[in-house]
Amino acid sequence: MEQKFIPKSLAASKESGKVTWQTPSNIALVKYWGKKNPQLPENTSISFTLSNCHTTTTLTYGKRKDVKGTYDFKVILDGKEEEDFKPKIETFFKRIERYVPFLREYTFVIDTKNSFPHSSGIASSASGMSAIALCLMSIEKEININLTEEAFYQKASFLARLGSGSACRSVKGDIVVWGAHENIEGSSDLYGIPYVDGVASIFKNYQDTILLIDKGEKQVSSTVGHNLMHGHPFAEQRFLQAQENINKIKDIFANSDVDQFIELVESEALTLHAMMMTSHPYFILMKPNTLEVINKVWTYRKKTGSKLCFTLDAGANVHLLYPEIEKEAVQEFIKSKLAIYCKDKSFIHDCVGSGAKQLKI
Numbered sequence: 001m002e003q004k005f006i007p008k009s010l011a012a013s014k015e016s017g018k019v020t021w022q023t024p025s026n027i028a029l030v031k032y033w034g035k036k037n038p039q040l041p042e043n044t045s046i047s048f049t050l051s052n053c054h055t056t057t058t059l060t061y062g063k064r065k066d067v068k069g070t071y072d073f074k075v076i077l078d079g080k081e082e083e084d085f086k087p088k089i090e091t092f093f094k095r096i097e098r099y100v101p102f103l104r105e106y107t108f109v110i111d112t113k114n115s116f117p118h119s120s121g122i123a124s125s126a127s128g129m130s131a132i133a134l135c136l137m138s139i140e141k142e143i144n145i146n147l148t149e150e151a152f153y154q155k156a157s158f159l160a161r162l163g164s165g166s167a168c169r170s171v172k173g174d175i176v177v178w179g180a181h182e183n184i185e186g187s188s189d190l191y192g193i194p195y196v197d198g199v200a201s202i203f204k205n206y207q208d209t210i211l212l213i214d215k216g217e218k219q220v221s222s223t224v225g226h227n228l229m230h231g232h233p234f235a236e237q238r239f240l241q242a243q244e245n246i247n248k249i250k251d252i253f254a255n256s257d258v259d260q261f262i263e264l265v266e267s268e269a270l271t272l273h274a275m276m277m278t279s280h281p282y283f284i285l286m287k288p289n290t291l292e293v294i295n296k297v298w299t300y301r302k303k304t305g306s307k308l309c310f311t312l313d314a315g316a317n318v319h320l321l322y323p324e325i326e327k328e329a330v331q332e333f334i335k336s337k338l339a340i341y342c343k344d345k346s347f348i349h350d351c352v353g354s355g356a357k358q359l360k361i
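Sequential numbering of the sequence shown, starting at 1, is according to UniProt numbering.
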């Protein structure tokens, strides 16, 4: 099926240009943890697309006079050239070149900035790699004017996946599914798709406040974490559990079942961390303040009847999820009771967004 993303003829025709995309991070509700080559998931995942946590990337390109055997690009992060990111981009280019054959014909400047701390568990690779993929697709659209909007976004998600698995969920849609599932029509291991099977209104504008417990580099990279699932004693059971949880969350979305949403989402978060604690080697990715926040959330929910819940990525930071109707009360609780557990009392208020957008700069 990958063959459909290989263009029959796509010689670079534009001499130069510039394109900018703003792409969101996402937070998985049913987690993807474990992959096989090339960047294919062991289980289906589903995520909320975020709005305020995003990457803005401008790709400037110009025709090379002499096309050599190497890629010609530089990466600028927050106004500063970053050599450390070049190996990851080069790996990405190698993976996608058969689908984007004009890569070696241009000199690229990748100028990118995040609205949130890099490498701190807010899926900066997801928003970052999806932004580059969409910029490249904009160049392809200039060359292939017959490319449909559906094909454009599907291929962008396909390419983004080859840079970072979860990046395929940061292209289009407010709720996105990645990974083939027998009960979700059109779902695929190759790219993410917007979830359109019926979602109650309460989930359409869900809030997500990210508590920045730890702003530093993640203790374990996502790549290393996924690889630990190979030979993990509980891996197969986990993959089956995730597939069943997709069925459950379909019903939850359709039936406005917020209580079941809370139970499933928190269980998924803790299962992800349990898999890391029982891998070899093993890791504890939570910090003491992560556990403090979780217990405060449980206490608050019991006392007030709130529908506040938490989820976690592969790090210490906590995503607090809650309905918009509780926005004022929950955000006051965060400010008065939870901010003290955050690094420099830092947190980010966010909500469900609609996906990437091209900017005119």
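Backbone N, C-alpha and C define an ideal beta-carbon position, used for all residues, glycine too.
For clarity, every value in this text was computed on a predicted model and none was experimentally measured.
- prompt: Can you tell which of Ile252, Pro194, Gly17 has the C-alpha that lies nearest to the C-alpha of Ala200?
  reply: Ile252
field: Segment limits, alpha helix (DSSP H) that includes Val265
entry: 258-277
field: Arg169 beta carbon less than 8 Å from that of Asn26
entry: yes
task: Classify Ala316 as helix, strand or coil using the three-state DSSP reduction.
output: coil
- request: Hey, could you find the ends of the beta strand (DSSP E) Ile348 is sitting in?
  value: 347-351
task: Give the secondary structure of Trp33 by DSSP, where H, G and I count as helix, E and B as strand, and everything else as coil.
output: coil
Extent of the continuous alpha helix (DSSP H) to which Leu240 belongs: 235-255
query: Going by alpha carbons, who is nearest to Tyr191 out of Pro38, Asn146, Lys14, Lys360?
result: Pro38
query: Can you give the beta carbon distance from Leu228 to His273, rounded, assuming they're within the 8 Å contact cut?
result: Going by Cβ atoms, the distance from Leu228 to His273 rounds to 12 Å, so no, they are not a contact pair.
- request: Report yes if the CB atom of Asp189 is closer than 8 Å to the CB atom of Gly173, and no otherwise.
  value: no
- request: With Val297 as the anchor, note down where its alpha helix (DSSP H) starts and where it stops.
  value: 288-304
task: For Asn289, I'd like the list of residues in its chain whose CB is within less than 7 Å of its CB, leaving aside the five on either flank, ordered along the chain.
output: Ile213, Tyr341
- request: Look at the alpha carbon of Ser279 and the alpha carbon of Phe234, and state the distance between them as a whole number of angstroms.
  value: 9 Å
query: Since Ser187 and Val177 are thought to touch, with beta carbons under 8 Å apart, how far apart are those beta carbons, to the nearest angstrom?
result: 5 Å
field: Reference Cys53; option with closest CA among Pro24, Phe333, Val293, Pro281
entry: Pro24
query: Where does Ile6 sit, in a helix, a strand or coil, going by DSSP?
result: coil
message: Once DSSP output is grouped into helix, strand and coil, what is the label at Ser25?
response: strand
query: Skipping 5 residues on each side, what residues in its chain have a beta carbon closer than 7 Å to that of Glu90?
result: Tyr71
- prompt: Can the beta-carbon of Lys113 be found closer than 8 Å to that of Asp78?
  reply: yes
message: Do Leu285 and Gly305 have their beta-carbon atoms positioned less than 8 Å apart in this structure?
response: no
query: In terms of residues, what are the limits of the beta strand (DSSP E) holding Thr55?
result: 45-63
message: For the alpha helix (DSSP H) containing Pro87, name the first residue and the last one.
response: 86-96
field: Cutoff 7 Å; reference Asp197; Cβ partners in own chain excluding five residues on either side
entry: Ile184, Lys250
field: Contact set for Gly69: own chain, Cβ-Cβ below 7 Å, skip 5 residues either direction
entry: none
task: Grab me the residues of Lys349's own chain with a C-beta within less than 6 Å of its C-beta, minus the 5 sequence neighbours each way, in chain order.
output: Just to set this straight, residue 349 is His in the shown sequence, not Lys. Only Thr209 meet the Cβ criterion.
- request: Write down every uninterrupted run of the alpha helix (DSSP H) in the segment 120-199 whose length is 4 residues or greater and which is fully enclosed by it, in chain order.
  value: 124-143, 149-163
- request: Take the Cβ of Cys351 as the centre, count every other Cβ of all protein chains shown within 10 Å, and call the residue buried at 16 or more, exposed below.
  value: buried
Rounded C-alpha distance that separates Glu81 from Thr57: 14 Å
query: Using the C-alpha atoms, what's the distance from Leu264 back to Val258?
result: 10 Å
message: Taking its Cβ as the centre, do 16 or more other Cβ atoms sit within 10 Å of His230, making it buried, or is it exposed?
response: exposed
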